[in-house]
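Enquirer:
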Amino acid sequence: MLQQSLFIIMAALVLLTAGLVAFRPRPIESAMWLILNFFFTAGLYVLLGSHFVAVIQILVYAGAIMVLFVFVILLLNLDPKELGDETSLHWSSVVMFVGMLSFLLLILHVAGPQTLEPMEGLLPDSKFGSVEALAQKLLTDYVWGFELAGVILLLAIVGVGMLAYRKPKPKTPKFLDHQERPV
Amino acid sequence: MVETFLSNPDFIKWAFFAGKILLLFGLAFGVVAPVMIWVERRVAGLIQDRYGPNRVGPFGLLQSLADGIKLLLKEDLRPTEIRPVFYLLAPILSVIPAAMAFAVIPFGPPTTLGGLLPTPMRLQIAELNVGLVYVLAISSLSVYAIALAGWASNNKFSVLGSLRASAQMISYELAAGLAIVSVILLSGSVDLMAIAQSQTEMWNIFPGFLAFLVFLPAIFAETNRTPFDLPEAEAELVVGYHTEYSGIKFGLFFLAEYVNMATVSALCILFFFGGWEFLPWLSWEKIGVDLNTFWFIPTIWFFTKIAAFLFFFVWVRWTLPRFRYDQLMSIGWKTLIPIALLNILITTTYLVFEKAS
Amino acid sequence: MSAPIAYVLFLSFAVFCFGACGFLIRKNALSLLICLELMLSGVNMAFVGFSRLHQNEGGNVLYFLVITVAACESAIGLALILNFFRLKKSVRLDEARALEG
Amino acid sequence: MLNSNYLLVLFAFPFLATLIVSMVRGRGQAVTWVSIALALGYFIVVLLGLTVTELRYEATWFLPLGLKYGLYLDSYAYYLILLSSFLTLLALFYSRGVVEKKITAYHALFHALQATVVACLLCDDLVFFYVFWEAMLIPMYFIIGVWGGQRRLYATMKFFLYTFAGSLFMLLGLIAVYIYYYKATGVWTASFQTLMEYFQTNPMPVTVQSWIFLTFVLSFAIKVPLFPFHTWLPDAHVEAPTAGSVILAGILLKMGTYGLMRFAVPLFPEAAQAFAGPLCFLSVVGIILGALVAWQQTDIKKLIAYSSVSHLGFVTLGIFMMTETGWNGAYLQMINHGISTGALFLLVGFLYDQRHTRDISAYGGLAKILPMFTLILVVMTLSSVALPGTNGFVGEFLILLGSFQSNTASWIWVVLASVGVILGVIYMLHMIQKLCYGKPSKPEVETMTDLTWKEWVLYSPLVALVFFMGIYPIWFLGPIQEKTAGIFATIAPFLAK
Amino acid sequence: MEEQSHLQCIAALAVLLPLVGSALWFSLGKKFGEKFVSIGAVSFLALSFACIAYIFFTATLPLRINFFQWLPLGTSSVSFAFLFDPLSLALSMVVTGVGTLIHLYATGYMHGDAGFGRFFSYLNLFVFSMLMLTLSDSLPGLFLGWEGVGLCSYLLISFWFTDEANASAGKKAFIVNRVGDFGFLLAMFCIFKVFGALSIPEILQTVQAGNFSGDDLFWTRLACFGLVLGAAGKSAQIPLYVWLPDAMAGPTPVSALIHAATMVTAGVYLCCRMQPLFLLHLDVLNVIAYMGAITAFFAATIAIFQNDIKKVLAYSTISQLGYMFLAVGLGAPVAAYFHLITHAFFKALLFLGAGSVIHGLHHEQDMRHMGGLRTKMPITFWCMTIGVLAIAGVPPLSGFVSKDEILHNVWGNHDWTLVALAFTTAFMTAFYMGRLWIMTFFGKFRGHHEAHESPWTMTSVLVILAAASALAGILNWPHLWGGSETLGTYLSTVVQALIHHAEDPAHALQSSLTLAVVSSLVGLAGLTIAYFRYRNFSGEEFSSPAFRPFQNKYYIDELYDAIVVKNLRMFGKFLWKVVDGFVLDGVLNGSAALASRTSTYLRQLQTGLMQQYALWIWIGFLILLLGAWTGRS
């Protein structure tokens, strides 16, 4: 009971922050709300029993990815004018949003009432959500995916390096007029 | 009635929980920070062959209190061109992670408090089995405070300082993380308690010396301490990201720095120096200390070690000069990270052979 | 006992929709990337939820793979935005229509 | 005795050669010699298999869909591989010193072309076949597009898109066969041999056959090219570099007729029977149109290109009339055409390299200036017009003789096709007269030089083959006959009596 | 068996020597000079002749010599094999014999020509092909020779290729021949359809066994027509005779060997060879007879009006070939064959004589620029005289005997149209030959060059051929006149006569003598009229427009050009420009343009705004979702 109510509170917070992310005009605000959103999401994960995932959510999303965003936002330090945050395509997105949600409800309805029953509890000695269990899975069944993820990361590193690298201007030796140029 | 209430196991549990929180946060915010400020200035005096604060209280011991009162009472200055919400948010954000990190730090072996508790309980606020990762996660958040502070101040020096700080922290976080990997490998767990307990036979400093060599500069950089205090380099950037801050807002930054220092010191000791164990090869059990009765001895020993480490921080600060920024980055990326990677290799090899033998 | 899977899915889907809406209506590239992260986060929620439902770590593993991709995507996306900014002195996406047919 | 490993070598060698050639670094002609040496090596490797009658290799590739890496070599495939390796060798040898632009890429592309062609010929699996069938276009696309003449881009696009579009229909057909077999047996397989065996005993309904047959025929007809799908050919030939033309005419066109003989007809004999009339009509139109249009050309290469249309009309006629003798002739004619038209393109290249024009009127009186060139040209012309004693005669004669006996379609088509024999002489002699006879029309012609040792090396094997195949064709026809007899044994029940 | 292999060698030698020679002279001719080539070429041919003669005298006929399989034809096959029987041996004797003489002659005639080696190479190749033609035991083998001689004819006609006209003439010859070959091919197809074989002995055996269904007879009739077309093409009969006059562009020895003595008679040979087949279809034979007669007549009328000495001889050849076909058509193959042989001698003689004149006059061919050469070229004159008399049918020269036999058969056939045509032609033959003779050798010299007698290599050949022309009649001197009809007996195993003359020998003798007298009178009349007409020839004649059709060969060339060639060209152009260029490429480029047009509209969807694309993705997703939902069962 406690868990369920906690879940609902957390979910409401997640939804709230998500909406703020989507509709606050300035990117920095969006970013901050997103960080908060990630925290709540992490809380949700804890409630779902995936502790490690929750921590990783904070470590990677909040701690790494969003830092990058914030970093770039303040690096660019843009005027509101340049940001151009008047929104476009407003009506269509709203229509679609409503449409999608109703579809979701329909699908849930179709999938059957058992989806609305609470999930079964974990066994007392369940290792679910622990590092060991996850690592076991990751390094056996999903080892290729894991390796692939590594490769993707490497590619991203190289790619970002390539994108960010600017050739330093070649230093041209300057000679004073009275000096002789080396032959 | 009161007695029954007191002897209710639930109450004892809650009380124990509250006690842990009080102890740890009290120590961190009430003791470590003020004392460290005093120690820092006294040691500075010592090293620089001068007195340091000695007017307020004996040996100037109350100097920190006086400073605190001053900061609290100062006018709340607000520059005109700031970004208001974030300007206020930044100092708060700097303290929160610092405090949160403390939640998972164990400060003694599981104990019944001399029979007070029905079952042995951990001397740790939150019994998280992924504590190490949690600490990393939380400490990675402290960047936001600095970044936002600089940006919200709308001041060139601040922005530069915060950019420096962010880049520096991200870089060194990486090195620190990689260094810790070998610790995880050695201990076989990410639970901080388990890491500490795994060092009863031998401290990790010996097999993981290389990791320590990486970890040490990394924590200096993460706490923005000299020789890596580039973000607040007075000579270049006034004081960097908190140039525009004063009063209690500045105080919060100040506080957070010392709390962070305490956190990383604790971590360093947990990782490499056997936590609350007596000496590298001598656990308390070995020298015959009855931990059931004298459950507080490891805890005190642990805090002593932290104090020593904090002293080391101060010592370094007043001894070494600051790096240049490009040197800082190249040390981080080109020296520490490769060494850390190499170290992982070495450690795994070591473990494989050890397992085989 | 935990919340029903339908709740988790609903939440996941709602978050995803918020992200998608943001993606559609925002005009600057930074916000776009942020909304993208939100969408991915929504998807992740479903993974974790299902993982919990079946008490199988597979979903969590997928969560890992997704955040790997998310990290790569944001890093490269931001690098692109920086380059774009150098080029156009703006991050407005309607400036980026060189591929107009 | 060679075993299936030989197949692997046969299959892999050109791919490796492509790699090696593309990796050669060095100034000047180093890459050329490496490339020629590799081509020669491959030719020798192919020659080693002369005694082989049938070889098979099979390895699982993607079992759930029944796809196999299956190689299958019989005499139908073998002689085309032989021809391919031979012509590639000659084409590369010819290019020595002629091609100056991007030599490495040029040679690598030719080896790649060889590789895809050989792979296509060796494949037993329909999916593999389709893949290499399409892959063949790519090297050729670049060869024409990079080293071609003035309008090379137009020509190469036309070539590529046209043949590609046709192939897509075949893909539909392939999938249809594949699914049909699955529906019928519950097993996925794309192995041609398996499908063949199955459809012999359990033929598809004629309507189904017809649709699939038409998709196959469309693709192959474009490649051949059969009238009215031939318009890409003159453009491609005119713009292609000489060596490219040689390979295009000598090998790529043959893939279409090969496909008809190997896949389209044996798999769908009843449909082939049903459509024989219209297809023979198209072949005959091709023969006559090709000849008449060739006569009107002023561009030598275009003339030869249209002559190809005409010649291949004979081949398709022989195939669609569906008689054993006709098929033997058709197969032989494929090889003949490769040799004679290949040689003619080389000869035109020889002229072009000296004068940089392909306009007939820019020449004249070459017989006096270049007597040896004229000799070779005349010999190749004679082969092309099917003079008895040359290879061309054997092929055409067998085609016409065989087709005349056919019950599949009317003998009138053969009579009309034989008119093409007359027309063939008209345009070829027209070309000879304009090029070689009369007085040298331009002073530039007088300064041209006759064949050097290099050209002799190039042409003498071709000339020898022309006569050898014309006088002792049994050497080629023996194995082919057996193969054809095998095919006809299986499709005979479906043919008209 | 031993003898077989021994003969095999000799037969192979006979055929291969010229082939080897051909290759040798072509490649080495320039290097080793004329002497090497002339000695080599003549001796090779002589050796070949000797080989043939050896077989002729020693072998038991028919002799079949097999070499190796050539064309596999399913159940049967075609081999390289020689069939020595009277028919083929007789012709090969002529070919190699006359060929040797003409080679010898040519060494003189072609002296100093730049293409000396090449010429003899072609000539030797021709002999090889001709031997293949005569000796092959299968139709494709025969066809090999058939086309081979066509090729050599082409090469030799356009031998002096720097003149475009010569090249055109060669081309024309080849193409027209190909039309005939088309018939030949068709005939082979039909024959194979019926007999399932292409080996001549096999076919003939089956024919003689008889027993054909109506369907088979359709095919055999078609085959016969095909063969006739082929023969007409090769032997320059109406309607395919147009190439032969133009073929005179080649060097004169070529005209003598190929276009008079040997190649053009191949059609006759073919008809004789396949005679049993023709006997199944007498109507086809009738067609042949009429074709021959009409050709003979028309060619003669044209010959009268020609001024080029070689053209006269060319039309005369066509005319004489017409006689031969007439004989074949009437079912008198022996007569045809006999005329073939005598014609080979006297026409070769005439051509070589003309060649000698042309050579003497430095390549002047127009008779209007000749005259009075009797004294300047005495040997040539006398030899030519014999030739002229022989062709005109003056007894007892060979021409008389053979022509008389044909006329005899025509008479015996009781078809008066043919009789009239044959006799008129005989008269005209004598007339134009007399005209030629007189215009060339009598009267004043009207030329520009100093005439001289030809070298011994040429004159000696003339003398030999003159002797042969005079005496060849005895080869088949009729029984009635006390002869033995050697040739007839010799050939009797291979061909059969259809016309059986009256039973009563006395009556037969009487009628044959009457005929002989009439025919020789006709010949003499022609000569006499010609003498009076051209005795004082000044260089001008036939200015009347009425003669124009004759001078212009009835405008047949122009007609062909207008009807066939022009239209074919137009059609070709139409196919190229309209069908290929407009329709097919139009459809192709049109579809490409359509795609391009469509894409210009569709590309407007490509706004470049990423978010719009995302919107499309959404919409697509929605549709999929809708589909998934509605598609749920």
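Chains as they are written, first to last, in my numbering: chain E, 58 to 240; chain R, 284 to 640; chain C, 1414 to 1514; chain P, 747 to 1243; chain H, 3 to 635.
Cβ atoms here follow ideal geometry from the backbone N, Cα and C, with glycine treated the same way.
Note that the structure is a prediction, hence the values are computed from the model and not measured.
#1: What runs of the alpha helix (DSSP H), each 4 residues or longer, lie entirely inside the stretch 220-298 of chain H?
#2: Within the present structure, is the beta-carbon of H:TYR557 separated from the nearest heavy atom of the ligand SAM by less than 7 Å?
#3: To which residues of the same chain is P:ALA1238 closer than 6 Å at the C-beta, ignoring the five residues directly before and after it?
#4: Quick check: is the beta carbon of E:LEU132 nearer than 8 Å to any beta carbon in chain R?
#5: Starting from the C-beta of H:MET3, find all residues in its chain whose C-beta is less than 7 Å away, skip the five residues before and the five after it, and write them out in chain order.
#6: Within a Cβ cutoff of 7 Å, which residues of the same chain sit near E:THR244, ignoring the five residues on either side of it in sequence?
#7: To the nearest whole angstrom, what separates the beta carbons of P:ASP871 and P:SER830, a pair I think is in contact under 8 Å?
#8: If H:ASP183 and H:TRP148 are in contact, beta carbons under 8 Å, what's the gap, nearest whole angstrom?
#9: For the putative contact between R:LEU499 and R:THR630, defined by C-beta atoms under 8 Å, what is the C-beta separation to the nearest angstrom?
#10: Taking the CB atoms as reference points, tell me whether P:GLY1032 and P:HIS983 lie closer together than 8 Å.
#11: So which residues of chain H does P:ILE1168 contact, with C-beta pairs closer than 9 Å?
#12: Which of helix, strand or coil does DSSP assign to R:ASN626?
#13: DSSP on P:PHE808, reduced to helix/strand/coil?
#14: Residues bridged to H:PHE84 by DSSP?
#15: Check whether the stretch 141-157 of chain H touches the stretch 1150-1158 of chain P, counting contact only when three or more Cβ pairs, one atom from each stretch, lie closer than 8 Å.
#16: Closer than 8 Å between beta carbons: that is the criterion. Which residues of the stretch 611-626 of chain H meet it against chain C?
#17: Does the distance from the CB of H:THR648 to the CB of H:PRO88 come in under 8 Å?
#18: Any beta carbon of chain H sitting closer than 8 Å to that of P:GLY1111?
#19: Could you tell me which of R:ILE614, R:PHE536 and R:PRO510 sits nearest to R:PHE596, measuring between CA atoms?
#20: Would a check of beta-carbon distances place C:ILE1509 closer than 8 Å to chain E?
#21: For a contact defined as C-beta to C-beta under 9 Å, what are the partners of E:SER187 on chain R?
#22: Compare the C-beta of C:LEU1491 with all C-beta atoms of chain E and state if any pair is closer than 8 Å.
#23: Taking 8 Å as the CB-CB limit, is E:PHE109 close to chain R?
#24: Compare the C-beta of P:GLY1135 with all C-beta atoms of chain H and state if any pair is closer than 8 Å.
#25: Measuring alpha carbon to alpha carbon, tell me which of P:VAL954, P:TYR1004 and P:LEU941 ends up nearest P:ILE968.
#26: Is H:MET3 helix, strand or coil when you go by DSSP?
#27: With distances taken Cα to Cα, identify the nearest neighbour of P:VAL1167 among P:LEU796, P:GLY1059 and P:LEU765.
#28: Identify the contact partners of E:GLU174 in chain C, using a Cβ-Cβ distance below 7 Å as the criterion.
#29: What would DSSP say about E:PRO175, mapped onto helix, strand or coil?
#30: So, is the C-beta of C:LEU1512 closer than 8 Å to a C-beta in chain E?
#31: Mind the definition here: the stretch 918-925 of chain P touches the stretch 952-963 of chain P only if three or more C-beta pairs lie below 8 Å; say whether that holds.
#32: Can C:ALA1483 and C:VAL1421 be called in contact, C-beta distance under 8 Å?
#33: On a Cα-Cα basis, can you pick out the residue from R:LEU475, R:GLU358 and R:THR395 that is closest to R:ASN412?
#34: Quick one: grab the DSSP three-state call for R:GLU364.
Expert: Let me lay it out:
#1: The qualifying runs are 245-248, 254-258, 268-275 and 277-281.
#2: Here there are no bound small molecules, and the ligand SAM is not part of this structure.
#3: Along the fourth sequence, one-based indexing puts residue 1238 of chain P at 492. Excluding sequence neighbours, P:ALA1238 sits near nothing in its chain.
#4: Numbered from its first residue, the first sequence carries residue 132 of chain E at position 75. With 8 Å as the cut-off, E:LEU132 counts as an interface residue toward chain R.
#5: Residue 3 of chain H sits at position 1 when you count from the first residue of the fifth sequence. Note that H:MET3 scores a pLDDT of 44, beneath 50, so its modelled location is shaky; the value from the coordinates is reported in the next line. Closer than 7 Å at Cβ, skipping near neighbours: no residue.
#6: Given that chain E is displayed from residue 58 to residue 240, the structure contains no residue 244 of chain E and the question cannot be resolved.
#7: Position 125 of the fourth sequence, counted from the first residue, corresponds to residue 871 of chain P. Position 84 of the fourth sequence, counted from the first residue, corresponds to residue 830 of chain P. Contact doesn't hold; Cβ gap of about 20 Å is too wide.
#8: For the purposes of this step, residue 183 of chain H is taken as the residue at position 181 of the fifth sequence. For the purposes of this step, residue 148 of chain H is taken as the residue at position 146 of the fifth sequence. The Cβ separation is near 7 Å, so the contact holds.
#9: Counting from 1 along the second sequence, the entry for residue 499 of chain R is found at position 216. Counting from 1 along the second sequence, the entry for residue 630 of chain R is found at position 347. That pair is no contact at about 17 Å.
#10: Locating residue 1032 of chain P in the fourth sequence gives position 286, counting from the first residue. Locating residue 983 of chain P in the fourth sequence gives position 237, counting from the first residue. No; because the gap between Cβ atoms is not below 8 Å, this pair is not in contact.
#11: Position 422 of the fourth sequence, counted from the first residue, corresponds to residue 1168 of chain P. The answer, in chain order, is ILE177, ARG180, VAL181, ASP183 and PHE184.
#12: Looking up residue 626 of chain R in the second sequence gives position 343. Helix at R:ASN626.
#13: Translated into the one-based positions of the fourth sequence, residue 808 of chain P becomes position 62. It is a strand residue.
#14: Working through the fifth sequence from its first residue, we reach residue 84 of chain H at position 82. Paired residue(s): H:ILE67 and H:SER138.
#15: Judged by Cβ distances under 8 Å, the stretch 141-157 of chain H makes no contact with the stretch 1150-1158 of chain P, as fewer than three pairs qualify.
#16: LEU611, MET612, GLN613, ALA616, LEU617 and TRP620
#17: Nothing about residue 648 of chain H can be reported from this structure: the residues present for chain H run from 3 to 635 only.
#18: In the fourth sequence, residue 1111 of chain P corresponds to position 365, counting from 1. So yes, P:GLY1111 belongs to the interface.
#19: In the second sequence, the residue the question calls residue 596 of chain R occupies position 313. For R:PHE596, the nearest C-alpha among the options comes from R:PRO510.
#20: The sequence position of residue 1509 of chain C within the third sequence is 96, counting from 1. Residue identity check: residue 1509 of chain C is Ala in the sequence provided, not Ile. Closer than 8 Å: no.
#21: Taking the first sequence and counting its residues from 1, the one referred to as residue 187 of chain E is at position 130. The CB of E:SER187 comes closer than 9 Å to the CB of ASN412 and VAL413 in chain R, given here in chain order.
#22: Within the third sequence, residue 1491 of chain C is the residue found at index 78, counting from 1. The C-beta of C:LEU1491 comes closer than 8 Å to at least one C-beta of chain E.
#23: Translated into positions along the first sequence, residue 109 of chain E becomes position 52. Chain R, which has a Cβ nearer than 8 Å to the Cβ of E:PHE109, makes this yes.
#24: Within the fourth sequence, numbered from 1, the residue matching residue 1135 of chain P stands at position 389. By this cut-off, P:GLY1135 is an interface position.
#25: Along the fourth sequence, one-based indexing puts residue 968 of chain P at 222. If we check each option's Cα against that of P:ILE968, P:TYR1004 comes out closest.
#26: What you label residue 3 of chain H is simply residue 1 of the fifth sequence in a count that begins at 1. Caution applies to H:MET3, whose pLDDT of 44 falls short of 50 and renders its modelled position unreliable; the model cannot decide the point.
#27: Stepping through the fourth sequence from its first residue, residue 1167 of chain P is reached at position 421. Nearest C-alpha to P:VAL1167: P:GLY1059.
#28: Taking the first residue of the first sequence as position 1, residue 174 of chain E is located at position 117. The contacting residues are PRO1417.
#29: Looking up residue 175 of chain E in the first sequence gives position 118. Three-state result, E:PRO175: strand.
#30: Taking the third sequence and counting its residues from 1, one reaches residue 1512 of chain C at position 99. Answer no: the Cβ-Cβ gap between C:LEU1512 and chain E never drops below 8 Å.
#31: yes
#32: Taking the third sequence and counting its residues from 1, the one referred to as residue 1483 of chain C is at position 70. Taking the third sequence and counting its residues from 1, the one referred to as residue 1421 of chain C is at position 8. No.
#33: The residue given as residue 412 of chain R occupies position 129 in the second sequence. Selected option, being the one with the closest Cα: R:LEU475.
#34: Here residue 364 of chain R refers to the residue found at position 81 of the second sequence. Three-state result, R:GLU364: coil.
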